[in-house]
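Going by this note's numbering, the first residue of the sequence shown is number -17, and it counts up by one from there. What follows is a short report on a single structure.
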Amino acid sequence: METAYIKTPLGMATIIGDENGISVISVTDEGTVSAIIPTVLQEAVSQLNDYFEGKRTDFDFALNPKGTDFQQKVWKGLLEIPFGKTMSYMDLSKRLGDVKAIRAVASANGKNPLWIVVPCHRVIGTDGSLTGYAGGLWRKKWLLEHENPTTQQSLF
-17 METAYIKTPL GMATIIGDEN GISVISVTDE GTVSAIIPTV LQEAVSQLND
33 YFEGKRTDFD FALNPKGTDF QQKVWKGLLE IPFGKTMSYM DLSKRLGDVK
83 AIRAVASANG KNPLWIVVPC HRVIGTDGSL TGYAGGLWRK KWLLEHENPT
133 TQQSLF
């Protein structure tokens, strides 16, 4: 496994992966930017930088997250939430075929190892509230605003 660290508007992103794909993307408040980006991580780094610059709305590099079959199912469901849109935990549970699994879905969502790329930040409470985000609610709010900026409407 190779590792790279890049600076983002939300902190230091850690990217871990190999020739099979990216396994982990996480964010922390501290760290040192990598002087050299390993070849197997260069596309992910490039696409993440494009995302933060507002030049990208989706990602197409290979993913290889580690998790249970259920977690993998939830993470695949998250990938179906369009850029700039949100979905409630309840709606995600329904889409995955079991409304009673809402707590398990929320738990799997919280264990998502691929920050931003598997867009767990797009899942909100049924009442529209920003609930539970491992990276901190301020980051979730920033990401949602980045993906769906409010435009000023003209009065005339």
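Just so it is clear, CB atoms sit at the ideal spot from N, CA and C, and this is done for glycine as well.
Legend entry - Alpha-carbon to alpha-carbon, P20 and C102: As a first step, residue 102 must be located in the sequence shown, where it is residue number 120. As a first step, residue 20 must be located in the sequence shown, where it is residue number 38. Going by the C-alpha atoms only, they are around 26 angstroms apart.
Legend entry - Nearest residue (CA-CA) to I7, options S111, I18 and F41: On the sequence shown, position 25 is the one that residue 7 refers to. When only C-alpha atoms are compared, the closest one is F41.
Legend entry - For A(-14) and V9, believed in contact at Cβ under 8 angstroms, the rounded distance: Looking up residue 9 in the sequence shown gives position 27. Looking up residue -14 in the sequence shown gives position 4. Going by Cβ atoms, the distance from V9 to A(-14) rounds to 13 angstroms, so no, they are not a contact pair.
Inset, instruction - Rounded to whole angstroms, what's the CA-CA distance from N46 to S5? Just pull it up for me. - result: What you label residue 46 is simply residue 64 of the sequence shown in a count that begins at 1. What you label residue 5 is simply residue 23 of the sequence shown in a count that begins at 1. Taking the straight line from one Cα to the other gives about 5 angstroms.
Legend entry - Closest residue to K37 among K55, L61 and F65 (Cα-Cα distance): Translated into the one-based positions of the sequence shown, residue 37 becomes position 55. It is F65 whose Cα lies nearest to the Cα of K37.
Legend entry - Simplified DSSP state of Y(-13), which is helix, strand or coil: What you label residue -13 is simply residue 5 of the sequence shown in a count that begins at 1. If DSSP states are grouped into helix, strand and coil, Y(-13) belongs with the strands.
Inset, instruction - Name the two residues that bound the continuous alpha helix (DSSP H) containing D32. - result: Position 50 of the sequence shown, counted from the first residue, corresponds to residue 32. Q24 to F34 is the span of the alpha helix (DSSP H), which, as asked, contains D32.
Inset, instruction - From the DSSP output, read off the bridge partner residues of G3. - result: By one-based count along the sequence shown, residue 3 stands at place 21. According to DSSP, G3 bridges with D0.
Inset, instruction - Output yes or no for whether 7 angstroms exceeds the beta carbon distance between K78 and V105. - result: Here residue 78 corresponds to residue number 96 of the sequence shown, with the count starting at 1. Here residue 105 corresponds to residue number 123 of the sequence shown, with the count starting at 1. For the sequence presented, residue 78 should be read as Leu rather than Lys. For L78 and V105, no; Cβs fall outside 7 angstroms.
Inset, instruction - May I ask which residues mark the beginning and end of the alpha helix (DSSP H) holding F52? - result: In the sequence shown, counting from the first residue as 1, residue 52 sits at position 70. Counting along the chain, the alpha helix (DSSP H) containing F52 begins and ends at D51 to L61.
Legend entry - CB contact flag (E1, V22, <7 angstroms): Taking the sequence shown and counting its residues from 1, the one referred to as residue 1 is at position 19. Taking the sequence shown and counting its residues from 1, the one referred to as residue 22 is at position 40. Contact: yes.
Inset, instruction - Please determine, among L96, A88 and K76, the residue with the shortest C-alpha to C-alpha distance to G(-1). - result: The sequence position of residue -1 within the sequence shown is 17, counting from 1. Ranking L96, A88 and K76 by Cα distance to G(-1) puts L96 first.
Legend entry - Proximity test, Cβ basis, 7 angstroms: S89 and chain D: Judged by its chain identifiers, the structure shown contains no chain D, having just a single protein chain.
Legend entry - Where S89 sits in the DSSP three-state scheme: By one-based count along the sequence shown, residue 89 stands at place 107. Correct three-state label for S89: helix.
Inset, instruction - Please say whether F34 and P(-9) have beta carbons closer to each other than 7 angstroms? - result: For the purposes of this step, residue -9 is taken as residue 9 along the sequence shown, with counting starting at 1. For the purposes of this step, residue 34 is taken as residue 52 along the sequence shown, with counting starting at 1. Yes; because the gap between Cβ atoms is below 7 angstroms, this pair is in contact.
Legend entry - Inter-residue Cα distance where the pair is T50 and M(-17): Residue 50 sits at position 68 when you count from the first residue of the sequence shown. Residue -17 sits at position 1 when you count from the first residue of the sequence shown. T50 and M(-17): Cα-Cα distance of roughly 20 angstroms.
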